[in-house]
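Please read the structure below before turning to the comments.
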Amino acid sequence: MASILNAPHLGLSKFLETSEFSDFTIEATENVVKLEEQQPLLIARMIQYLYYGKYDVLNVAAGLTRILDKASSKVILDDAIFAQDFDFEVHADMYAMADRFEIPALKALSAKNFVYEVRSKNFSIADLVSAIDFVYNTTPENDFGLRKWVAYRAQQVEHELVRHEDFKTALKDHPDFAWDFATKYAKANYLWCSHCKDTIDLVECRCGFSGMCGDATCATGAPAALQCTRCKNWGKLQRELPPLKENLTLGELGRTDEPNAPIKRSPKKKRRLS
Ligand SMILES: [Zn+2]
Ligand SMILES: [Zn+2]
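Just so you know, UniProt numbering puts 78 at position 78 of the sequence shown, and the rest follows in order with no gaps.
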C-alpha cells in the first residue's frame with residue numbers, strides 16, 4: 001500500500017481516477033505554475049508527482065498523457081510529446097522545477113533518479129558533457145545536489161574527457177564547473193594534519209569525503225578518527241586548512257622540485273680488472 005511518503009498528496013489521487021477530477025483542478029494547478037517558459041510535460045510530471053509520488057520519464061507514458069488530456073488549456077503540443085528528452089534531462093528539469101516550486105521531496109526523488117543515470121555504465125562521455133552543460137545551466141549556483149555528481153564523474157574520467165573538444169567548450173562556458181572540477185571532490189582528496197602541519201593525501205576515500213565514492217569510511221567516517229599516513233598519529237587530521245598565509249613559498253609547502261637538486265645516480269660499477 002502506498003504511504004504518504006511516496007504519495008505526498010495521496011488523498012487527491014482519487015480525483016484522477018474518477019469524474020471528480022475536473023478542469024478546475026488542473027486549472028487551479030496551472031494558475032499556481034503560470035510560467036510561460038515551463039513545458040507542459042514538466043508541469044504534467046509535477047502534477048503526476050503530487051498525486052502519485054512519482055513521475056514518468058517517457059513523454060508518451062499513459063499517466064502523463066492522461067493528465068495532459070484533462071487540462072482545460074490545450075497548449076499542449078504534439079511535438080513536445082513525441083520529441084523525447086534524454087532521461088537525465090527530464091530528471092534535471094524536474095529537480096530545477098522542484099527547487100523553483102519548493103517541493104523538497106520531489107527534489108530528492110529527481111536527484112536520486114539523476115544520480116542513477118549519471119552513475120550508469122551506459123552513460124556515455126557525450127552524455128556527461130551534455131549533462132554538465134545542462135546542470136550548470138538549470139541549477140542555482142549554490143545548489144550542488146546535481147552539480148557535484150557531474151563534476152565528480154568528470155574527474156573520474158578526466159583522461160578521456162580532455163580528448164573531447166566539447167569538454168573544452170563546457171569548461172569555457174561554465175566557469176563554476178571549471179572551478180568545481182579543478183578544486184573539489186576528487187581534487188580535494190586531502191586532509192590537514194595538525195601535527196605534520198601539512199596536507200596529507202586521503203587514501204580512505206576518492207571524493208574528498210563528499211559521500212560519492214562509496215567507500216565505507218567516506219560518508220560516515222570523521223577525519224578526526226583517521227590515522228595520519230605520515231606521522232602515524234591518530235586524531236590529528238581535519239578538513240579545515242589553517243588560515244591563508246600571504247606570500248607562502250612553495251618551499252614551505254615542501255612540495256616543490258628544487259631546480260638545482262642534485263640528481264642521484266646509481267653508483268658506477270667498478271670495472272673488473274682482468
Ligand atoms: Zn569518498
Ligand atoms: Zn601527520
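Cβ coordinates follow ideal geometry from the N, Cα and C atoms, glycine included. Just so we're clear, the structure is a prediction, and the values are computed from it rather than from any experiment.
Residue 190 has 201 as its beta-bridge partners, per DSSP.
Note: residue 241 is not bridge-paired with any residue in the DSSP secondary-structure output. Taking the Cβ of residue 233 as the reference point, at least one heavy atom of ligand 2 falls within a distance shorter than 7 Å. Counting only residues of its own chain and dropping the five nearest sequence neighbours on each side, residue 135 has a CB closer than 7 Å to the CB of 92, 146, 147 and 150. Counted as a single uninterrupted DSSP element, the alpha helix (DSSP H) harbouring residue 119 occupies residues 104 to 119. In this structure the region 172 to 181 does not lie against the region 203 to 216, because fewer than three pairs of beta carbons, one per stretch, are closer than 8 Å. Around the beta carbon of residue 112, fewer than 16 other beta carbons lie within 10 angstroms, which makes this residue exposed. If you draw a straight line from the Cα of residue 51 to the Cα of residue 138, it comes to about 25 Å.
A straight-line Cα-Cα distance of about 10 Å links residue 115 and residue 109. Ranked by Cα distance from residue 209, the options 53, 226 and 105 are led by 226.
A Cβ-Cβ separation of about 5 Å places residue 207 in contact with residue 185 under the 8 Å criterion.
Considering only 200, 46, 83 and 70, the residue with the shortest C-alpha distance to residue 101 is 46. Closest option to residue 68, judged by alpha-carbon separation, among 87, 39, 247 and 107: 39.
Residue 141 has its alpha-carbon roughly 18 Å from the corresponding atom of residue 154. Look at residue 156 here: in three-state DSSP terms it is helix.
Taken atom to atom, the span from the alpha-carbon of residue 161 to that of residue 167 is near 6 Å. In the three-state reduction of the DSSP assignment, residue 227 falls in the strand class, which pools E and B. Per DSSP, the continuous alpha helix (DSSP H) segment holding residue 91 begins and ends at 87 to 100.
Judged by DSSP secondary structure, residue 234 falls outside any alpha helix (DSSP H); it is assigned neither H nor E. For the pair residue 163 and residue 174, the Cα-to-Cα distance works out to about 18 Å. Judged by DSSP in its simplified three-state form, residue 217 adopts helix. Pairing residue 97 with residue 42, the inter-Cα distance amounts to about 8 Å.
In this structure, residue 228 places its C-beta atom within 8 Å of the C-beta atom of residue 195.
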